[in-house]
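Peer 1:
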Amino acid sequence: MQSLVFIMRKQLFTVGLLLCMFGKATAQSSNILDTVYTLRDGQATATMPVRVIKGIEPGPTFAIVAGIHGYEYPPIMATQQIMQSIDPAKLHGILIFVPLANTAAFYGRTPFLNPIDQKNLNNAFPGKKKGTITEQIAYTLRTEVMDISDYFLDIHAGDANENLLPFACFYNNTLFPAQTKAAEELCRIAGFEYVVSYPYTLQPTDPAKYAFKQASQQGIVALSLEAGELGNVQASNVQLLQQAVMNMLQHVNMYPSSQSLASPTIKMLRNQSYVRVPVQGIFTSSIQAGDAVQQGQTLGHIHDVFGKLLATITAPNSGIVLYKIGTPPVNEGETLFCIGTEE
Ligand SMILES: [Zn+2]
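With mature numbering (1 follows the signal peptide of the UniProt record, and there is no 0) as the guide, the letters of the sequence shown map in order to residues -27 to -1, 1 to 316.
1) Tell me whether the region 103 to 116 and the region 155 to 175 touch, counting them as touching only if at least three CB pairs, one residue from each stretch, are closer than 8 Å.
2) Does DSSP put GLN253 in a helix, in a strand, or in coil?
3) With which residues is PRO22 paired in a DSSP beta bridge?
4) Counting only the same chain and skipping the five closest in sequence on each side, list residues whose C-beta sits under 7 Å from that of ASN290.
5) Can you round the beta-carbon distance between ILE37 and ALA62 to whole angstroms, since I take them to be within the 8 Å contact cut?
6) What residues come near ligand 1, if near means a beta carbon less than 7 Å from any of its heavy atoms?
7) Return the CA-CA distance between SER4 and ASP60, expressed in angstroms with no decimal places.
8) Just confirm the distance between the C-beta atoms of GLY100 and PRO72, as a whole number of angstroms; I'd bet it's less than 8 Å.
9) Taking the CB atoms as reference points, tell me whether GLY131 and GLY201 lie closer together than 8 Å.
10) If you run the structure through DSSP and keep just helix, strand and coil, what is GLY(-5)?
11) State the Cα-Cα distance for the pair GLY273 and LEU12, rounded to the nearest angstrom.
12) Do the region 79 to 95 and the region 242 to 256 make contact, defined as three or more Cβ pairs closer than 8 Å?
13) Name the DSSP bridge partner or partners of ASP90?
14) Provide the residue span of the alpha helix (DSSP H) that contains PRO79, from first to last.
15) Could you pull the DSSP bridge partners for SER189 from this structure?
16) Note the first and the last residue of the continuous alpha helix (DSSP H) segment covering ASN210.
17) Out of curiosity, what's the CA-to-CA distance linking PRO301 and TYR171?
18) For GLY263 versus ILE286, is the C-beta distance shorter than 8 Å?
19) Starting from GLU305, follow the beta strand (DSSP E) in both directions and report where the run begins and ends.
20) When you compare the region 136 to 143 with the region 198 to 214, are there three or more beta-carbon pairs, one atom per stretch, that lie closer than 8 Å?
21) Could you pull out every residue in the same chain whose Cβ sits closer than 8 Å to the Cβ of THR76, ignoring the five residues on either side in sequence?
22) Under 8 Å: do the region 119 to 126 and the region 42 to 56 share three or more Cβ pairs, one atom per stretch?
23) Check whether the Cβ of PRO88 lies closer than 8 Å to any Cβ atom in chain B.
24) For GLY15, which of PHE98, GLY104, ARG24 and ALA265 has the nearest alpha-carbon?
25) Do GLN253 and ASN304 have their CB atoms nearer than 8 Å?
26) Nearest CA to the CA of PRO84: which residue from ALA133, ASN96 and ILE55?
27) Going by beta carbon distance, what residues of the same chain come within less than 6 Å of MET219, once the five residues before and after it are set aside?
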């Protein structure tokens, strides 16, 4: 029952959003509304496009966000496909798409950061109404999209320099057990082999920083997908993401899927360890994301520009490499490897 209550509460707000958005929006049809938010900070401006698709039948509100990191292309391309494929006549509830949250980073081809203010949008939540461009995008995404959503899905990939194993993930937020259980369920039916449960230790007033952690903090069913890597579009990862979203929409009875739900054996990774770069240099490694590694195993080396060995990197524990830096340059303090451990 708890889940029904929070879903119904959100629907009331969504009607308000649709009404107040009409002034600055373009209606594609009576059920599809495109809006471009313009954010300003002094001379700098940025845009954030949003498409709302209202189903013929009532139902929950599901937000799908891509491009918080503008160099992570498979999520952006998958979201394009999903948006075009939705028929409002078959939809129960409301879909809110943010197909390109960080437009300046996308067109500026900038990994991680918005080139206007050099800030990471996925480190900026809850955002600020009168902050820098990135802080304003976070604020707008939170107040215009997240606050009215029952489900919040933030789609990412390995960035320009990251080699990544596809996985679905959620926060183990025990303050909202029903929503956390629902998020885990969506991760499990996505069709991804690996599901990652992140620890959640935020206090209610702590800044969440990350978009879907913010949603989790607010008691929204929040999750993320990660598929794609190294600043490129892999068709297989686009397909994986597209199918995962359709699986989720079918699972919550919002949209029928013609394809049956994929059901690989799930490997749940409940612990993660992070290996930081000890020293700037040129990184080499024969390990790939998805490899199983043993504690103490050599993962790679860092040399200086004259070929002198600066550091040998070893695994702090056994597990599966979820992602790693996949290109030669490394800087002190960066995450070099993330290793997940099975339950
Ligand atoms: Zn990302």
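Ideal placement from N, C-alpha and C gives every residue a C-beta, glycine not left out.
Peer 2: Well, looking at it:
1) Touching, no.
2) In the sequence shown, the residue the question calls residue 253 occupies position 280. In this structure, GLN253 counts as coil in the three-state DSSP scheme.
3) In the sequence shown, counting from the first residue as 1, residue 22 sits at position 49. For PRO22, which the question treats as bridged, DSSP gives the partners VAL9.
4) Mapped onto the sequence shown, residue 290 falls at position 317. These residues qualify, in order along the chain: SER246, GLN268, ILE312 and THR314.
5) Residue numbering aside, residue 37 sits at position 64 when the sequence shown is read from its first letter. Residue numbering aside, residue 62 sits at position 89 when the sequence shown is read from its first letter. The Cβ separation is near 19 Å, so there is no contact.
6) ILE41, HIS42, GLU45, ASN95, HIS129, ALA130 and ASP132
7) For the purposes of this step, residue 4 is taken as the residue at position 31 of the sequence shown. For the purposes of this step, residue 60 is taken as the residue at position 87 of the sequence shown. In the sequence on display, residue 4 carries Asn and not Ser. Going by the C-alpha atoms only, they are around 10 Å apart.
8) Stepping through the sequence shown from its first residue, residue 100 is reached at position 127. Stepping through the sequence shown from its first residue, residue 72 is reached at position 99. Distance from GLY100 to PRO72 at the Cβ level is roughly 19 Å; contact not present, criterion being Cβ atoms closer than 8 Å.
9) Along the sequence shown, read from residue 1 onward, the residue named residue 131 stands at position 158. Along the sequence shown, read from residue 1 onward, the residue named residue 201 stands at position 228. Judged by beta-carbon spacing, GLY201 lies within the 8 Å limit of GLY131, meaning their Cβ atoms are closer than that value.
10) Looking up residue -5 in the sequence shown gives position 23. Only weak support is given to the placement of GLY(-5): the predicted model assigns it a pLDDT of 34, under 50, and the value that follows is read from those uncertain coordinates. Note: GLY(-5) maps to helix in three-state DSSP.
11) To locate residue 273, count along the sequence shown from 1; it is residue 300. To locate residue 12, count along the sequence shown from 1; it is residue 39. Taking the straight line from one Cα to the other gives about 43 Å.
12) no
13) The residue labelled residue 90 in the question sits at position 117 within the sequence shown. Per DSSP, none; premise fails for ASP90.
14) The residue you call residue 79 lines up with position 106 of the sequence shown. Rather than Pro, the amino acid found at residue 79 in this sequence is Phe. For PHE79, the enclosing alpha helix (DSSP H) begins and ends at 76 to 80.
15) Residue numbering aside, residue 189 sits at position 216 when the sequence shown is read from its first letter. Looking at the DSSP output, SER189 shares a beta bridge with no other residue.
16) As a position in the sequence shown, residue 210 is number 237, starting the count at 1. Its alpha helix (DSSP H) spans residues 208 to 224.
17) Indexing the sequence shown from 1 puts residue 301 at position 328. Indexing the sequence shown from 1 puts residue 171 at position 198. So the two alpha carbons sit approximately 28 Å from each other.
18) Working through the sequence shown from its first residue, we reach residue 263 at position 290. Working through the sequence shown from its first residue, we reach residue 286 at position 313. ILE286 is positioned such that its CB atom lies no closer than 8 Å to that of GLY263.
19) Numbered from its first residue, the sequence shown carries residue 305 at position 332. Per DSSP, GLU305 belongs to no beta strand (DSSP E) and is neither H nor E.
20) yes
21) Position 103 of the sequence shown, counted from the first residue, corresponds to residue 76. Answer for THR76: ALA19, THR20, MET21, PRO22, GLY40 and GLY43, listed in chain order.
22) no
23) In the structure shown, chain B cannot be found, because there is only a single protein chain.
24) Here residue 15 refers to the residue found at position 42 when the sequence shown is read from its first residue. The candidate whose alpha carbon is nearest that of GLY15 is GLY104.
25) If you number the sequence shown from 1, residue 253 lands on position 280. If you number the sequence shown from 1, residue 304 lands on position 331. Taking 8 Å as the Cβ cut-off, GLN253 and ASN304 qualify as a contacting pair.
26) As a position in the sequence shown, residue 84 is number 111, starting the count at 1. Of ALA133, ASN96 and ILE55, the residue nearest in Cα terms is ALA133.
27) Counting from one through the sequence shown, the residue named residue 219 turns up at place 246. Cβ neighbours of MET219 beyond the five flanking positions: SER230.
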